[in-house]
Each structure stands twice: as C-alpha cells, then as structure tokens.
Amino acid sequence: MASFLEPPSKKICLDTKFSSNEQKFDNQTCNPLKNAYSINQLKGVQLSNGKTINLKKFNQGDFKFNVNANSPSKNSNSIINNSFKNSNGKHMKNGKSSINIRKNTKDLLKHRKALPIYDVRKDLLSYLKKGDTNILIGETGSGKTTQVPQFLYEEMMLNKGSVVITQPRRVAAISMATRVAEEAGTELGEIVGYSVRFEEMISDRTKIKFATDGMLLREAMLDPLLKRYSWIILDEAHERTVNTDILFGIVKRAQKIRKEKGKSPLHILVMSATMNAQKFSSYFNDCPMLMAEGREHKLEILFTAEKSDDYIIACLSTVIKIHKQAPVTHGILVFLTGQEEIDNACLALSKIIKRCNYLAPIKISPLYSALPQHLQMEVFQPSDTEERHVIFSTNIAETSVTIPGIRYVIDSGKAKIRTYNPSSGFDILKVRQISQAQAWQRAGRAGREGPGSCYHAYTEAQYKKMPIMPAPEIHRTNLATVVLQLLTVGVKDVINFDFMDRPRQEYLLNAVEQLLSLEAAEKDSNGELRLTEEGKKMAAFPLDPKYAKILLMGPKYKCTHEVLTIVAMLSGEQVNTVPSGKMRSVATARHRKFASVEGDHMTMLKIYQTFKASKKNKQWCHENFLNYRNLIYISAVRKQLSDICYKAGLKMLSCGENTDDVRRCLLTGLFTQVAELQADRKYLTLSNHDEAQIHPSSCLFSSRSPYLMYTEIITTSNAYMHGVSWVAPEWLYQVAPDYFRKHHIKADPAHYAK
Ligand SMILES: Nc1ncnc2c1ncn2[C@@H]1O[C@H](COP(=O)(O)OP(=O)(O)OP(=O)(O)O)[C@@H](O)[C@H]1O
532 MASFLEPPSK
542 KICLDTKFSS
552 NEQKFDNQTC
562 NPLKNAYSIN
572 QLKGVQLSNG
582 KTINLKKFNQ
592 GDFKFNVNAN
602 SPSKNSNSII
612 NNSFKNSNGK
622 HMKNGKSSIN
632 IRKNTKDLLK
642 HRKALPIYDV
652 RKDLLSYLKK
662 GDTNILIGET
672 GSGKTTQVPQ
682 FLYEEMMLNK
692 GSVVITQPRR
702 VAAISMATRV
712 AEEAGTELGE
722 IVGYSVRFEE
732 MISDRTKIKF
742 ATDGMLLREA
752 MLDPLLKRYS
762 WIILDEAHER
772 TVNTDILFGI
782 VKRAQKIRKE
792 KGKSPLHILV
802 MSATMNAQKF
812 SSYFNDCPML
822 MAEGREHKLE
832 ILFTAEKSDD
842 YIIACLSTVI
852 KIHKQAPVTH
862 GILVFLTGQE
872 EIDNACLALS
882 KIIKRCNYLA
892 PIKISPLYSA
902 LPQHLQMEVF
912 QPSDTEERHV
922 IFSTNIAETS
932 VTIPGIRYVI
942 DSGKAKIRTY
952 NPSSGFDILK
962 VRQISQAQAW
972 QRAGRAGREG
982 PGSCYHAYTE
992 AQYKKMPIMP
1002 APEIHRTNLA
1012 TVVLQLLTVG
1022 VKDVINFDFM
1032 DRPRQEYLLN
1042 AVEQLLSLEA
1052 AEKDSNGELR
1062 LTEEGKKMAA
1072 FPLDPKYAKI
1082 LLMGPKYKCT
1092 HEVLTIVAML
1102 SGEQVNTVPS
1112 GKMRSVATAR
1122 HRKFASVEGD
1132 HMTMLKIYQT
1142 FKASKKNKQW
1152 CHENFLNYRN
1162 LIYISAVRKQ
1172 LSDICYKAGL
1182 KMLSCGENTD
1192 DVRRCLLTGL
1202 FTQVAELQAD
1212 RKYLTLSNHD
1222 EAQIHPSSCL
1232 FSSRSPYLMY
1242 TEIITTSNAY
1252 MHGVSWVAPE
1262 WLYQVAPDYF
1272 RKHHIKADPA
1282 HYAK
C-alpha cells in the first residue's frame, strides 16, 4: 500500500481499458439471477427492454401479464431528473415547512409511480394477500424495498399490526427508513421508523419499521411469535448472513404456531434482486415465486479488456478517466475492501487531483462501518457543492441503498469476507473475490436516479468464474456461537433446527458439547438444552464462547484488564513484523525484549502494555518491528469488548504482578486445549492424544514444561501449537474438574484434587 500513498508514476489515467457489455446485459446474461434459473422457468418471459414489465408466477407457469409501459410516465428520464432536482433532500435538510413537505411528497409520488414495481402494484398485492409466504425478485432499483412496505400500508393500513423490513446493515436500515418516511410525507419515527443496534426511531404509531436482521432476532428473544407484526419482509435475502438464516427458521416457526393457535396470521415476504428463488421457495413450503421485471434506467455494464495486476490502481485510474469526461454532478461510488485501503485510496486520489491542476476538484468521502455514524450518513445527503462526489466504500453500500447523485460504480471485485479459523476459534476477515450476485448488487447502485454505468475492474472471463451466490455465512462461522444464539432466542432443539443449509450434525453436536463444558448451557430434567445465566452473558460478546468465558471469569481471578488485552490481541492479526535479510535478526532481538518465560500470552500482554505506555506511538512500533495498524485495531477491539464487560456489570480488576492468575483465567476457556509432555519429550494433546510440536515462533519453543495450554494448532508439515503458555497441573483440576476426570493426566489427580 505504501506506494499507493504517492500518485503512481505511470500514467494511471490511461491504462485501464474497458469493453462494454451492454448487449450482453440486455440479454440478461450478467445477472446471476438469470443464471440461477433454468431456461424453462424463463420461457415466455419477455426480457426487459425498459418497456415491458412482467410479474410472473414461476412455479405453476400459469400466470403472466404484461403491462405496457409506454405511457408518458414510463418515458421517465426527464421526469425522474426533474423529481430528483426537486426532491434534492430539501425536506430533510431545510426543516419541515409543510409547503416543502407537500411539494416534495407530490414530486416523490410522481417518482414512485415511475418505478417498475408500481405498475404491478395491484396484481402484486392480490398475490401477496392470497398466500401467507411469497418470494419476490425484482431488478435492483425496481422499487421493492421502498414501495412494497408502502403498498401494504396503503392497501391494508395494517390496522392490526405492522410491517417490519429487515436489512443486513444499519446504514441501509436508516437510509431506507428516511427515504420511505419522506415519500410517505411523515416524520421519521412516526408511521415509518427504524431500529438498529443502540438506536431506535419508532413510536406507537409506527407501522413500517426498517430493522437490521440482528435487531429483529433480539425482538424474537422476547416475543418468539413476533406478535406485533402482520408482515415480515426479509429483504436482501441472498446475503445469507447468520442472522438472516436464523431468522428464516424463527419466522417460519412463528408463522406456523400462530396459525395452529388461531392467532392473527403472519405473512412472510422474502425479497432480493439476486437470489436462487427455487431454493428459497422449497424452504418456505414451495411458496409462490414472483418476479417483477424491468428497470427504470439503463445500466451499462463494463469489464476490463485485460486482467489488471492491481485492482486499486485499476479503480483509481477509472475514477480519473470518468472524472475527465462525465458531467461533474455525476457521482462515483468505488467498492474497495476495508478501512485502511479506503483511507489510502482517498489520500491518493486527493494527491493526484492536487498534483494534476488541470483536473477539476473532487469531493472525496470514505464509507466503512468503523466511521462514526454521522459521517456514514453524510454520504446520503445530496452534495451541496458543484464538485464531483467520489465515495470509496466497503460492501456496506453494496445492497439496498441509493446514494444521491451516483451515476457510476467502480467494482474492485473484492471484499473482506468473514472466515472462521476452526483451529483458533476466531473469525477472521480476509480479502476474497466476491460472487456474481454481489457484483450485480454493486452494479445496481448505479442507474437509480438516471442512466448509469458500472465498471468492473476485472474481465468478463473472471466474472464468469466467480461463484454465483455468496456461500452462506453459517458455513464459515463458529457453530458454538450459532448454537448459543439459537438458545438465546429460545430454540431448544438446536440439532433439529430448520436450517436452510444445515451444518453437519457432528459439528452441531460438538458445538453443543463445547457449550455444556463451558457451562454456557445445561440440560434440564427433560434432557432439553437451556442457557445458563453465564451463557446469557456470553451471548453478548461477539466472540467464540470460550473467549467470552475467559472474560466473564476475569473478575474472579482479578485480571479483567489483562484478559481483555490478551483476548483482543488474539482476535487481531499478527503484530510482530518479520523483515527479510539482515534486519531479520535485529527484529528478532527487539521482539525478544518482550518475551515472557510464562509463554506467548504474557508476551502479548507485555507488548500491548508497552505500546500503550508509549502512548500508542507509531515510531515506537516501527523501531520495535511491530505493526502499528494491527495494534490500533486491537485497541479498538479491546475497547469494544470492555464496553460489553462494563454493560454486563463485570468488575474491571487488575492482578498486577500476580500473572499466574491470568493463565489460570485463560485456562477456564482453553482447558480443552492442553498438551502433556511425554517421556520421549514429545507433546500429546489431552483431548485427542495427537502429537503436536511447539511452533518455532513461540517464546517457549525450547522449553519443556510438563503441561502447556495453546491457542490453536496449525498443521503444515507437522502439527504446530501456536500461542503457548505453561500451566500447572493442579490448575487443570481446579478449573475443569469434570473434564479432567475424563481426560486423565499423568500428574496424580488425588494429589492435585485437594
Ligand atoms: N434515498 C434515496 N434518494 C433518492 N432516491 C431514492 C432513494 N431511495 C430510493 N430511491 C429511488 O427509488 C428507487 C427504488 O429504490 P428501492 O430501494 O426501492 O429499489 P429496490 O428494488 O429495493 O433495489 P435493491 O434491489 O437495489 O435494493 C431507486 O432506484 C431510486 O430511484
């Protein structure tokens, strides 16, 4: 990245060539949703040419109608442009004069009526009323998220209940609620509101609520039948977050129980522009699949003509290329992977603009979840300058949102994706290629207020090799956390939970075992699983339950501060930097200053404490061959975890010099990760009696303590223990007596049990 801070010396403005795929787009081969269907299912559906809209019920093939959209309102470019100029956010920005609202609402109504989904309003509603569950697919920008909840409200007034629409991300929930409130001519928090973590804008009058999937799950904990809702819309269902997958099962169960008990019916609507409708329909008892076809504005799709070596350079060069040619009011949204990359890209672009004084000025904004909320929401305000707006964003702007002024999207094709490391128990974010569905969603952020273009910074051949859909998060996350979450929302039979993509039974059983041994769960007299009080507290931590357990035990061992630091260090990336060549031995010597005879966990503690004592100094990190960015990230994680400890009422204690207590506390979560020294000086794990060696990077590499606790085992040519600390055998019995009665150790239990 360092080279990126300087404008690249080569002529970046000219070196990324794109080939238009417009024709292919018209044939709909780019949209993975089309690829996900068989030809038969699409037979007879007139492809969108901007004039015809189809609402087709796929599963019976007996329902199809076309609405001729040649009416003046459909010839919409100029109308939309007017309405865009008129609406221009004034209602939100300049106070709430009733004239402003009325004028605005009138213009917005005109805009609503021009949306493809509006043409099929009547038939859509009649379908939705008929069945209790439906799947709705519609092009990005066709009006699903903003219009369908309003249709339901306007049609049925939802006297007996309300509608909740889930969104995978908080920016989407807030911005969609703001938009719909504006369209409905109501104050946000009145008829239309939102609910995201730590923030709610709702009232007793709220009938349309946008909520993150996590918030609806929380509601389900208190009210498993979700009685206050008559409609639940699960939007952007293709994303398949763990929360959404759990919600699928929860709302299905609530619907069934409400029906059985003769309570008010619950209607479910699952929506996306890019999902495998057949799969969702099968899961929801073969419910009807509806498709609203057509888009309001032309969307041009372009791929690079050749593979690019560096996606960031390709994205930046494309920004410059567009900047030189397009009207300045046309904004550009660039999808990159994370905060560091985005900050660097913002800096690089501003330097390029400054240096090339023939280029017009640009307003540059970052957008990622670690930004304070008010800065995130700022990008949704129409630009108040005459400068082009360029936004560099992570995938938080990938679905649902409309960012005012955006006509161009540049897609790097990459995202940070959560992956679970089963050997350490931590989820890590890794830069990975996105799926076709995500590429399509990104493209869909353009062409919303007028014709738009999406520049994919990869070739069409590369696109075709991408997976069609993202893999469900539940298959790449820690199952103990998922089971804990299921128990939290009141699911007792977690093994037989109605998963859309069931994890392997043995993994689920292992997860249950882990929770039982951590005393997060217990079995009641009927053998049913239930959460313990401790388990309830553990669920509040975004951590593998074994690390949550360690934090909860902090006050007992008087070392909350120390274990918070160690768990945060374990959650982050490696902090030691290892240069090549001559400097390597210098770095090793500097790192050795922090080494603790007690092991790697205490070494981590020492590094962080010294970093903090240096006032988080970058130069100090540089001199000690430590990664400054990673340490800053770790301190942010530590803060987040300590906030949760504080809310859980945990005492924030420190053990000072008595560091044995820190390792005893760590053992309360890691007791299944202990190895025993054998007569031949090899180590065997106590859990499976597998041979494992201490990794050469460990500060205990050459020591031979009888018992070691390790953070993870990574198998390369050998199985290596990483993150190793020595533990006393008596601690094992004190910390987990039941477990060590089953997993015998050589040290005399009778002696240590005393
Ligand atoms: N905040 C906003 N500001 C301006 N226009 C907006 C805003 N939100 C929505 N729109 C307009 O309404 C249209 C429909 O948006 P909506 O989010 O309902 O579409 P969608 O079908 O749900 O799209 P997606 O599948 O991408 O979520 C957009 O294309 C845009 O023209």
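For this note's numbering, count along the sequence shown from 1 and bump the result up by 531. Ideal Cβ positions, reconstructed from N, Cα and C, are used throughout, including at glycine.
Next on the checklist: Assuming residue 939 and residue 861 are in contact, meaning their beta carbons sit under 8 angstroms apart, how far apart are those beta carbons, in whole angstroms?
Outcome noted: On the sequence shown, position 408 is the one that residue 939 refers to. On the sequence shown, position 330 is the one that residue 861 refers to. Yes, they are in contact, since the Cβ atoms of residue 939 and residue 861 sit about 6 angstroms apart, within 8 angstroms.
Checklist entry - Got a sec? Which residues, its chain only, sit under 8 angstroms from residue 873 by beta carbon, not counting five neighbours each side? => result Within the sequence shown, residue 873 is the residue found at index 342, counting from 1. Excluding positions up to five away in sequence, the list reads 867, 897, 898, 899, 923, 924 and 925.
Item to check | Range covered by the alpha helix (DSSP H) that runs through residue 897 | outcome: The residue given as residue 897 occupies position 366 in the sequence shown. Not the alpha helix (DSSP H): residue 897 falls in the beta strand (DSSP E), residues 893-898.
Item to check | Proximity test, residue 767 beta-carbon vs ligand 1 heavy atom, cut-off 8 angstroms | outcome: If you number the sequence shown from 1, residue 767 lands on position 236. For ligand 1, at least one heavy atom lies less than 8 angstroms from the Cβ of residue 767.
Next on the checklist: Restricting to Cα atoms, I'd like to know which of 797, 772 and 774 is closest to residue 784.
Outcome noted: In the sequence shown, the residue the question calls residue 784 occupies position 253. Comparing Cα-Cα distances from residue 784 to each of 797, 772 and 774, the minimum goes to 797.
Checklist entry - Near residue 1068, what residues of its chain come up, given a Cβ to Cβ distance below 7 angstroms and the 5 sequence neighbours on each side ignored? => result As a first step, residue 1068 is located in the sequence shown; it is residue number 537 there, counting from the start. Around residue 1068: 1083 and 1179.
Checklist entry - Fully enclosed by the stretch 1059-1126, which alpha helix (DSSP H) runs are 4 residues long or longer? => result 1064-1069, 1076-1084, 1091-1102 and 1114-1123
Next on the checklist: Please classify residue 906 as buried or exposed, where buried requires at least 16 neighbouring CB atoms within 10 angstroms.
Outcome noted: Position 375 of the sequence shown holds residue 906. It is exposed - the Cβ of residue 906 has fewer than 16 other Cβ atoms within 10 Å.
Item to check | Completely contained beta strand (DSSP E) runs for the stretch 1152-1215, where each covers 3 or more residues | outcome: 1205-1208
Checklist entry - Whose CA, out of 1220, 1192, 1190 and 974, lies closest to the CA of residue 1204? => result Along the sequence shown, one-based indexing puts residue 1204 at 673. Per the Cα distances, 1220.
Checklist entry - Looking at C-alpha atoms only, which residue of 865, 1191 and 676 is the closest neighbour of residue 705? => result As a working note, residue 705 is residue 174 in the sequence shown. Taking only the C-alpha atoms, the option nearest residue 705 is 676.
Checklist entry - What are the boundary residues of the beta strand (DSSP E) that includes residue 841? => result One-based indexing of the sequence shown puts residue 841 at position 310. Segment: none, residue 841 is in no beta strand (DSSP E) and carries neither H nor E.
Checklist entry - Helix, strand or coil: which one does DSSP assign to residue 985? => result Working through the sequence shown from its first residue, we reach residue 985 at position 454. Three-state DSSP puts residue 985 in a strand.
Next on the checklist: Measuring only the C-alpha atoms, how far is residue 1151 from residue 1140?
Outcome noted: Here residue 1151 corresponds to residue number 620 of the sequence shown, with the count starting at 1. Here residue 1140 corresponds to residue number 609 of the sequence shown, with the count starting at 1. If you take the alpha carbons of residue 1151 and residue 1140, they lie about 13 angstroms apart.
Checklist entry - What do you reckon, is the C-beta of residue 967 under 8 angstroms from a heavy atom of ligand 1? => result Position 436 of the sequence shown, counted from the first residue, corresponds to residue 967. Outside the cutoff, so no.
Checklist entry - Given a threshold of 16 other Cβ atoms within 10 Å of its Cβ, counted over all protein chains shown, does residue 585 qualify as buried or as exposed? => result For the purposes of this step, residue 585 is taken as residue 54 along the sequence shown, with counting starting at 1. Per-residue confidence for residue 585 stands at a pLDDT of 40, beneath the threshold of 50, marking its modelled position as unreliable; no derived number is given.
Checklist entry - Where does residue 665 land, buried or exposed, given buried means 16+ other C-beta within 10 angstroms? => result As a working mapping, residue 665 is identified with position 134 in the sequence shown. Buried, because 16 or more other Cβ atoms sit within 10 Å of the Cβ of residue 665.
Item to check | Nearest to residue 1106 (by Cα), restricted to the options 978, 1113 and 1125 | outcome: By 1-based counting over the sequence shown, the position of residue 1106 is 575. The option with the nearest alpha carbon to residue 1106 is 1125.
Item to check | Span of the alpha helix (DSSP H) around residue 677 | outcome: Taking the first residue of the sequence shown as 1, we reach residue 677 at position 146. Residues 675-687.
Checklist entry - Mind checking residue 889: buried by the 16 CB within 10 Å criterion, or exposed? => result Taking the first residue of the sequence shown as position 1, residue 889 is located at position 358. With fewer than 16 other Cβ atoms within 10 Å, it is exposed.
Item to check | Collapsed DSSP secondary structure at residue 942 in the structure displayed | outcome: Indexing the sequence shown from 1 puts residue 942 at position 411. Residue 942 falls in the strand class under three-state DSSP.
Checklist entry - Which value, in whole angstroms, describes the spacing of the CA atoms of residue 1066 and residue 1042? => result Reading the sequence shown from its first residue, position 535 is the one you call residue 1066. Reading the sequence shown from its first residue, position 511 is the one you call residue 1042. The alpha-carbon atoms of residue 1066 and residue 1042 are separated by roughly 13 angstroms.
Item to check | Simplified DSSP assignment, three categories, for residue 698 | outcome: Here residue 698 refers to the residue found at position 167 when the sequence shown is read from its first residue. It is a strand residue.
Checklist entry - Regarding residue 963 and ligand 1, is the C-beta to nearest heavy atom distance less than 8 angstroms? => result The count along the sequence shown starts at 1 and reaches residue 963 at position 432. Every heavy atom of ligand 1 is 8 angstroms or more from the Cβ of residue 963, so no.
Item to check | Coil, strand or helix - residue 1276 by DSSP | outcome: In the sequence shown, counting from the first residue as 1, residue 1276 sits at position 745. Three-state DSSP puts residue 1276 in coil, outside helix and strand.
Item to check | Other residues of its chain near residue 1095: CB distance less than 6 angstroms, five sequence neighbours each side excluded | outcome: In the sequence shown, residue 1095 corresponds to position 564, counting from 1. For residue 1095, where only same-chain residues beyond five positions count, the Cβ hits under 6 angstroms are 1169, 1172 and 1173.
Item to check | Helix, strand or coil at residue 1027 [DSSP, three-state] | outcome: Residue numbering aside, residue 1027 sits at position 496 when the sequence shown is read from its first letter. It is coil, neither helix nor strand.
Next on the checklist: Assuming contact is defined by CB atoms lying nearer than 9 angstroms, are residue 850 and residue 880 in contact in what I supplied?
Outcome noted: Residue mapping note: residue 850 aligns to position 319 of the sequence shown, counting from 1. Residue mapping note: residue 880 aligns to position 349 of the sequence shown, counting from 1. Contact: yes.
Checklist entry - With DSSP run on the structure shown, which of helix, strand or coil describes residue 707? => result Here residue 707 refers to the residue found at position 176 when the sequence shown is read from its first residue. The answer is helix: DSSP assigns residue 707 an H, G or I state.
Checklist entry - With a Cβ-Cβ cutoff of 9 angstroms, do residue 1231 and residue 1130 count as a contact? => result Position 700 of the sequence shown, counting from 1, holds the residue named residue 1231. Position 599 of the sequence shown, counting from 1, holds the residue named residue 1130. Contact: yes.
Item to check | Sequence ranges, alpha helix (DSSP H) only - wholly within the stretch 744-798, length at least 4 | outcome: 744-753 and 773-791
Checklist entry - Contact between the stretch 841-857 and the stretch 985-999: three or more CB pairs below 8 angstroms? => result yes
Checklist entry - Does DSSP put residue 556 in a helix, a strand or coil? => result What you label residue 556 is simply residue 25 of the sequence shown in a count that begins at 1. With a pLDDT of only 34 at residue 556, under 50, the local geometry of the prediction cannot be trusted, and no value is derived from it.
Item to check | heavy atom of ligand 1 below 8 angstroms from residue 862 C-beta | outcome: To locate residue 862, count along the sequence shown from 1; it is residue 331. No, ligand 1 has no heavy atom inside 8 angstroms of this Cβ.
Item to check | Distance between beta carbons of residue 1159 and residue 1103, contact taken as under 8 angstroms | outcome: Reading the sequence shown from its first residue, position 572 is the one you call residue 1103. Reading the sequence shown from its first residue, position 628 is the one you call residue 1159. The pair is not a contact, with the Cβ atoms about 12 angstroms apart (cut-off 8 angstroms).
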